[in-house]
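Visitor: Take this structure, written in structure tokens, and hold onto it; I'll ask about it next.
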Amino acid sequence: MNCPTDNFICNPFLYFHLAANAIFRDHLPEPLGTIIVLALTVAMVTTLIALIVMSQVWAERRIVGFMQGRLGPNRVGPAGLLQSVADAVKLLLKEIIIPTQADKIPFMLAPLLVLVPSLVVWSIIPWGPGLSVTDLNIGVLFVLGLGGIPTIGILTAGWASSNKYALLGGMRAAAQLIAYEIPLVIVVLVPVLLAGTMSLGGIVEAQSNLWFLFFLPVGPVAFLLFLVAGIAEVNRSPFDLPEAESEIVAGFHTEYSGMPFALFFLAEYANSFAVSAMTTTLFLGGWGGPILPPFIWFFLKTYAVFFVLVWIRGTLPRLRYDQLMRTAWKVALPLALVTLGVAAIELSLIRSLLG
Amino acid sequence: MGLPMELRQNVLITSVDKLVNWARGASLWPVAFGLACCAIEMMAAGTSRFDLSRFGAEVFRPSPRQADLMIVAGTVTTKMAPAVRRIYDQMAEPKYVIAMGACTIAGGPFQGSYSTVPGIDNFVPVDVHVPGCPPRPDALLWGIMKLQEKIRTQSIADQRR
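Respectively, the protein sequence lines represent chains A and B. The numbering used here puts the first residue of the first sequence at 447, with every later residue one more than the last. The numbering used here puts the first residue of the second sequence at 1002, with every later residue one more than the last.
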């Protein structure tokens, strides 16, 4: 759907912006008004993410249930829709245990260190044309940089817990991130190369004729590599070694209870949704699509990718540690390099043939 | 009993109680731990035929810190009892215990043996006893529903002692 940004269907936040500007920017001295409008925007996006995470947890439990021939949560609210609400309220009211041997300040800071970057990523993801909190011209770089910070939080959590299982989980997370960050960064360069820009909005606009997924032969390979490396980066199954319960109890969050644990939980799902959104933006044409408004297309594609993540979780067992490292260094990294090289050669051939 | 008598029927307290009890009852995450043959039935309760997840209780947490419910499934020997008590102590409040099977209720077929604890009431407070040797998975589901009923009668005011 071709969409002007001053249309309410295309831009559901239009009235919010108009109202916020009219109330705060026009009647307050300048820096104050802008700060208030920004704070409101941040609050809105954060609330949206919390709602999305709740829908995701419910969807994951139901879908995995159906895949295993079960029903999944269906007693709480219609079709179990309020299950995540019940979980959230319960976790809020649960006792917070801080072990006496723990390093208290890092122990309480670690969940925030994990959660905040995964929320900040949402400031640049384009929901529709011109519909992101801000469109950075180095958007891709920004996302990759933020993607590395949660691991510091996980390592902090593992260290501060003063628990050997937590420490092992934190160490595993760090090693895993280093292994998968490199193929991820290289493979992200393919869409950047094809679009000629690092701005996420620009990358989506460059896909208006052809999704980068269908840019043969490199598109599908790059897409798969990005998905695999992305799953590994957010520690989702089958790459959830940092919290493997069969080996190291609950990994880095072994000692966390109540709300700090809920923050880890929230961050994990916000991250996996961010990976789905990045896959949509980089390879599946972002908000582009016929008939329906752009932000609906964005959510349809993102939830479709998230469904694939759940599907993978319901299908594959957890990898062994040496298998994980072998896949990263001996398969993913060379393949990513080859993909990037082929993409560059192909692009220069097309440019020289077409003049 | 922190509330004065005239405020006992306070609208705010009762509705908060309702919300809290609803949330606690609807998301009882058990600790992933089993001791003997009852644990097999507990696992069966999570499978497609019985499906614990309908009640939101399929999230078996590996770490006791994140769990709400300890299902003691199987014979508790005198050697194992300190470990069970330790897991109970490591759980965060509010925590609940289901004693599953004859052994955990009174020692079962091993009652009077030199090595078996005659009922886990001796060292942890039990909320619901589920009889059987071993109880069928549907009996465990019944136990969880009984526990939900019990949680519904709790009040925040009573806990502040």
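Glycine included, every Cβ here is placed at the ideal spot set by N, Cα and C. Predicted, not measured: the structure shown is a model, and the values here were computed from it.
With a Cβ-Cβ cutoff of 8 Å, do A:T726 and A:F744 count as a contact?
Guide: Result yes, Cβ atoms of A:T726 and A:F744 sit closer than 8 Å.
Visitor: For a test of the three-state rule: what should DSSP assign to A:V522, helix, strand or coil?
Guide: Three-state DSSP puts A:V522 in coil, outside helix and strand.
Visitor: Which of helix, strand or coil does DSSP assign to A:I571?
Guide: In this structure, A:I571 counts as coil in the three-state DSSP scheme.
Visitor: What residues in its chain sit with their C-beta under 6 Å from that of B:R1162, if we drop five residues either side in the sequence?
Guide: Below a pLDDT of 50, predicted positions are generally treated as unreliable, and B:R1162, at 41, falls in that range; no measurement from the model is reported.
Visitor: Could you tell me whether the stretch 1055–1063 of chain B touches the stretch 1028–1040 of chain B, where touching means 3 or more Cβ pairs closer than 8 Å?
Guide: Flag = yes, the stretch 1055–1063 of chain B and the stretch 1028–1040 of chain B touch.
Visitor: So A:V636 and A:P572 are supposed to be a Cβ contact under 8 Å. How far apart are they, rounded?
Guide: Not really, about 19 Å apart at Cβ, beyond 8 Å.
Visitor: Could you compute how far the alpha carbon of A:A789 sits from the alpha carbon of A:T643?
Guide: The straight-line gap from Cα to Cα measures roughly 15 Å.
Visitor: Anything in the stretch 500–514 of chain A with a Cβ closer than 8 Å to a Cβ of chain B? List those residues in chain order, please.
Guide: Of all residues in the stretch 500–514 of chain A, R507, G511 and Q514 have a Cβ within less than 8 Å of some Cβ in chain B.
Visitor: Quick check: the Cα distance between B:M1002 and B:D1018, rounded to an integer number of angstroms?
Guide: Note that B:M1002 scores a pLDDT of 45, beneath 50, so its modelled location is shaky and nothing firm can be said.
Visitor: Can you name the residues of chain B whose CB is closer than 7 Å to the CB of A:V522?
Guide: Ordered by position in chain B, the residues that pass the 7 Å Cβ test against A:V522 are A1027 and G1057.
Visitor: Are at least three pairs of beta-carbons, each pair with one atom in the stretch 1107–1125 of chain B and one in the stretch 782–797 of chain A, less than 8 Å apart?
Guide: No contact exists between the stretch 1107–1125 of chain B and the stretch 782–797 of chain A.
Visitor: Give every residue of the same chain whose Cβ lies closer than 8 Å to the Cβ of A:L587, excluding the five residues on either side of it in the sequence, and list them in chain order.
Guide: Correct list, in chain order: M644.
Visitor: Say whether chain B places a C-beta atom closer than 8 Å to the C-beta of A:V695.
Guide: So yes, A:V695 belongs to the interface.
Visitor: When DSSP labels each residue in this structure, what does B:R1161 get in the three-state scheme?
Guide: Its pLDDT being 48, under 50, B:R1161 is placed unreliably by the model, and the measurement read from it follows with that caveat. If DSSP states are grouped into helix, strand and coil, B:R1161 belongs with coil.
Visitor: Do A:G604 and A:G616 have their C-beta atoms within less than 8 Å of each other?
Guide: Against a cut-off of 8 Å, the Cβ pair of A:G616 and A:G604 comes out as a contact.
Visitor: Any chance the stretch 621–631 of chain A sits against the stretch 538–557 of chain A, with 3 or more Cβ pairs inside 8 Å?
Guide: No: fewer than three Cβ pairs fall under 8 Å.
Visitor: Contact criterion: CB-CB distance below 8 Å. Does B:R1162 meet it with respect to chain A?
Guide: The predicted position of B:R1162 is uncertain, since its pLDDT is 41 and thus under 50; no value can be drawn from it.
Visitor: Using the C-alpha atoms, what's the distance from A:R766 back to A:N609?
Guide: Near 22 Å, if we compare the C-alpha coordinates of A:R766 and A:N609.
Visitor: Please tell me whether A:G585 and A:P740 are closer than 8 Å, where the distance is taken between their beta carbons.
Guide: Against a cut-off of 8 Å, the Cβ pair of A:P740 and A:G585 comes out as no contact.
Visitor: For B:M1002, which of helix, strand or coil comes out of DSSP?
Guide: With a pLDDT of 45 at B:M1002, under the threshold of 50, the modelled position of that residue is not reliable, and no figure is offered here.
Visitor: Quick check on DSSP: helix, strand or coil for B:P1031?
Guide: Note: B:P1031 maps to strand in three-state DSSP.
Visitor: Nearest chain A C-beta to B:R1087 closer than 8 Å, yes or no?
Guide: Chain A, which has no Cβ nearer than 8 Å to the Cβ of B:R1087, makes this no.
Visitor: Please tell me whether A:G704 has its Cβ less than 8 Å away from any Cβ of chain B.
Guide: Yes, A:G704 counts as interfacial toward chain B.
Visitor: Let me check understanding here. Comparing Cα to Cα, which of B:Y1115, B:K1147 and B:N1022 lies closest to B:S1130?
Guide: In the sequence as presented, Ser is not what sits at residue 1130 of chain B; that position holds His. For B:H1130, the nearest C-alpha among the options comes from B:K1147.
Visitor: Just to confirm, is the Cβ distance from B:Q1133 to B:A1103 under 8 Å?
Guide: Here residue 1133 of chain B turns out to be Gly, not Gln, going by the sequence shown. Taking 8 Å as the Cβ cut-off, B:G1133 and B:A1103 qualify as a contacting pair.
Visitor: Quick check on B:D1115: buried or exposed, where buried means 16 or more other Cβ atoms within 10 Å of its Cβ?
Guide: Looking at the sequence provided, one finds Tyr at residue 1115 of chain B rather than Asp. Classification of B:Y1115: exposed, given that the 10 Å Cβ count is below 16.
Visitor: May I ask you to list the residues that DSSP assigns as paired with B:A1058?
Guide: Paired residue(s): none; B:A1058 is not in a bridge.
Visitor: Taking only beta carbons into account, state which residues of the stretch 1092–1111 of chain B come closer than 7 Å to chain A, listed in chain order.
Guide: Flagged, chain order: A1093 and E1094.
Visitor: For the beta strand (DSSP E) containing B:M1071, name the first residue and the last one.
Guide: L1070 to A1074 is the extent of the beta strand (DSSP E) around B:M1071.
Visitor: Can you pull the DSSP bridge partners for A:M724?
Guide: In the DSSP output, where bridge partners are listed per residue, A:M724 has none listed.
Visitor: In whole angstroms, what is the alpha-carbon distance linking A:A496 and B:T1048?
Guide: Each residue's Cα considered, the two are about 30 Å apart.
Visitor: Within its chain, find whatever has a CB closer than 7 Å to the CB of A:M513; leave out the 5 residues flanking it on each side and keep chain order.
Guide: Only G760 meet the Cβ criterion.
Visitor: Find the nearest neighbour of A:A778 within the set A:V667, A:G734, A:E714 and A:Y702, judged by alpha-carbon distance.
Guide: For the residues A:V667, A:G734, A:E714 and A:Y702, the minimum Cα distance to A:A778 belongs to A:V667.
Visitor: To which residues of the same chain is B:Q1061 closer than 6 Å at the C-beta, ignoring the five residues directly before and after it?
Guide: Rather than Gln, the amino acid found at residue 1061 of chain B in this sequence is Phe. Same-chain partners within the cutoff: P1031 and A1033.
Visitor: Taking the beta carbon of A:S692 as the centre, do at least 16 other beta carbons fall within 10 Å, making it buried, or is it exposed?
Guide: Per the 10 Å Cβ criterion, exposed.
Visitor: Does the beta-carbon of A:V499 have 16 or more other beta-carbons within 10 angstroms, so that it is buried, or is it exposed?
Guide: Buried: at least 16 other Cβ atoms inside 10 Å.
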